[in-house]
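Residue 2 is where the sequence shown starts when you use the numbering used here, and the numbers rise one by one after that. Structure, as structure tokens:
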Amino acid sequence: MARNRVLVLCTGGTIGMIPRNPFDASSPLVAAPWEKLCEMLPALERLPFATDFDAMRLIDSSDMGPDYWVELAQRIENAYRKYDGFVILHGTDTMAYTASALSFMFENLGKAVVLCGARHPFRTPGGDAEHNFLAALRVAARQPPIPEVCIVAGETIVRGNRARKAFSTSVFTSPRFPVLGRIIPVWRIDEESIRPAPRGRLRVRRPIERNVFMLHLYPGITSEYLRHVLRAKGLRGVVLLTFGAGNAPTAPAIRRALTEAVARGIALVNVTQCYGGRVDMGIYDAGAQLLEIGLINGGDMTPEAAFTKLQVVLGMTSDMDEIRLLMQADWAGERTRIS
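Okay, structure coming up:
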């Protein structure tokens, strides 16, 4: 019987680096060739599945964006039939954005796409790189597969479009949805939280609309500033990070700025800036007015999920009614259905 195969794609990040001087751990970090990683991880040879490596253009995750997401999706699409799962080595700073974007770009994903990173490079005493990488490989090779884009970091397996980076280090949490599984203290998968396997063939949604903005509301925000942002050349959509359950200042000038933007065909999505919870624009008048203006209810989507989903949706259509329906539908487990 042929062994399962996992493809590893390295985008950069601490996890794919090694000290330039192997005898000086404080020397600058450089990208490690796959052969070098294999030398440093003899456990790879003992795995019950095969691993291959695809070297991509290495970047700092702060430089991650739509062009690279399309490249990642294309690589996975091209190799989809050959491999049973995929691991993406990625810097942790923007990992939640990449995981969210890929979850919306892939239609009928039937295999695991696992992102992992680390706080320290391989061979660092007490570091987490080896643990996270080997765990990600196990998740990617698992049969039956976990047909989702997910993140493995530390003790948990998190749905990618539900993940949030909780600390400046690489700890990810899922504040609005249960984790998909735990690695420590024992390996356990929550089968009820995993989405069912699709029946259709894999498709990649593209292109991605880049003219999308994320605006964090704050006490004292002025209508002049808001209007300036909403009138940016080429702007097609904005994710508004609002207060509490989806509330915003009620000043008439601010409401006019939002109303004018909707009238110009700009999609405005309402997402709470709170760490947990969801938007409910029917609780308070400050939220009900936004509903009347025409803001799209982001439900309990994370800011990262709402932002990347809007980019994908706007790449598909410019019809506002269709945009609203697509944004308020659950594509990949990114938002909770309300019965």
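No residue lacks a Cβ here, since even glycine has one placed at the ideal position from N, Cα and C.
Can the beta-carbon of residue i be found less than 8 Å from the beta-carbon of residue j?
{"i": "K112", "j": "D129", "result": "no"}
{"i": "G92", "j": "G161", "result": "no"}
{"i": "L291", "j": "G247", "result": "yes"}
{"i": "L314", "j": "M302", "result": "Per the sequence shown, residue 314 should be read as Val rather than Leu. It is not a contact, given that the beta carbons lie outside the stated cut-off."}
{"i": "L203", "j": "F244", "result": "no"}
{"i": "L90", "j": "V9", "result": "yes"}
{"i": "V205", "j": "A74", "result": "yes"}
{"i": "A254", "j": "S224", "result": "yes"}
{"i": "N271", "j": "L311", "result": "no"}
{"i": "T99", "j": "I60", "result": "no"}
{"i": "R325", "j": "G300", "result": "no"}
{"i": "A289", "j": "G295", "result": "no"}
{"i": "S104", "j": "V150", "result": "yes"}
{"i": "I185", "j": "G118", "result": "no"}
{"i": "V88", "j": "V180", "result": "no"}
{"i": "I267", "j": "I195", "result": "no"}
{"i": "R21", "j": "P29", "result": "yes"}
{"i": "N133", "j": "V114", "result": "no"}
{"i": "T157", "j": "R183", "result": "yes"}
{"i": "R214", "j": "V239", "result": "Before going on, a small fix: residue 214 reads as Phe here, not Arg. Closer than 8 Å, so yes."}
{"i": "I222", "j": "W70", "result": "no"}
{"i": "N201", "j": "N109", "result": "Looking at the sequence provided, one finds Gly at residue 201 rather than Asn. Cβ atoms of G201 and N109: closer than 8 Å."}
{"i": "S62", "j": "M96", "result": "yes"}
{"i": "L45", "j": "F123", "result": "no"}
{"i": "A258", "j": "R228", "result": "yes"}
Terminal residues of the continuous alpha helix (DSSP H) containing residue i?
{"i": "T260", "result": "P253 to A264"}
{"i": "V313", "result": "P304 to M317"}
{"i": "I77", "result": "P67 to A80"}
{"i": "Q228", "result": "The question names Gln, yet the displayed sequence has Arg at residue 228. R228 -> alpha helix (DSSP H) spans S224 to L231."}
{"i": "L138", "result": "A130 to A142"}
{"i": "F105", "result": "M96 to M106"}
{"i": "D286", "result": "D286 to I294"}
{"i": "L327", "result": "M321 to Q329"}
{"i": "L42", "result": "Looking at the DSSP string, L42 is not in any alpha helix (DSSP H), and its letter there is neither H nor E."}
Kindly identify the DSSP beta-bridge partner or partners of residue i.
{"i": "F87", "result": "L8 and V114"}
{"i": "L269", "result": "V239"}
{"i": "C151", "result": "V115 and R160"}
{"i": "N298", "result": "N271"}
{"i": "F54", "result": "V9"}
{"i": "V172", "result": "For V172, which the question treats as bridged, DSSP gives no partner whatsoever."}
{"i": "K166", "result": "F173"}
{"i": "V205", "result": "F107"}
{"i": "G182", "result": "I158 and I190"}
Applying the criterion that 16 or more other CB atoms from any shown protein chain within 10 Å of the CB defines a buried residue, is residue i buried or exposed?
{"i": "T251", "result": "exposed"}
{"i": "D107", "result": "It is Phe, not Asp, that sits at residue 107 in the sequence shown. Per the 10 Å Cβ criterion, buried."}
{"i": "E36", "result": "exposed"}
{"i": "H121", "result": "buried"}
{"i": "R177", "result": "buried"}
{"i": "P67", "result": "buried"}
{"i": "A330", "result": "exposed"}
{"i": "D286", "result": "exposed"}
{"i": "D281", "result": "buried"}
{"i": "N298", "result": "buried"}
{"i": "T309", "result": "buried"}
{"i": "A307", "result": "buried"}
I need the boundaries of the beta strand (DSSP E) containing residue i, first residue and last residue.
{"i": "L216", "result": "V213 to H217"}
{"i": "I19", "result": "M18 to P20"}
{"i": "A249", "result": "Careful: A249 lies outside any beta strand (DSSP E) and carries neither H nor E."}
{"i": "A32", "result": "L30 to A32"}
Does the beta-carbon of residue i, which I'm using as the reference point, lie nearer than 7 Å to any heavy atom of the ligand NAP?
{"i": "P186", "result": "Among the ligands in the structure shown, none appear at all, so the ligand NAP cannot be discussed."}
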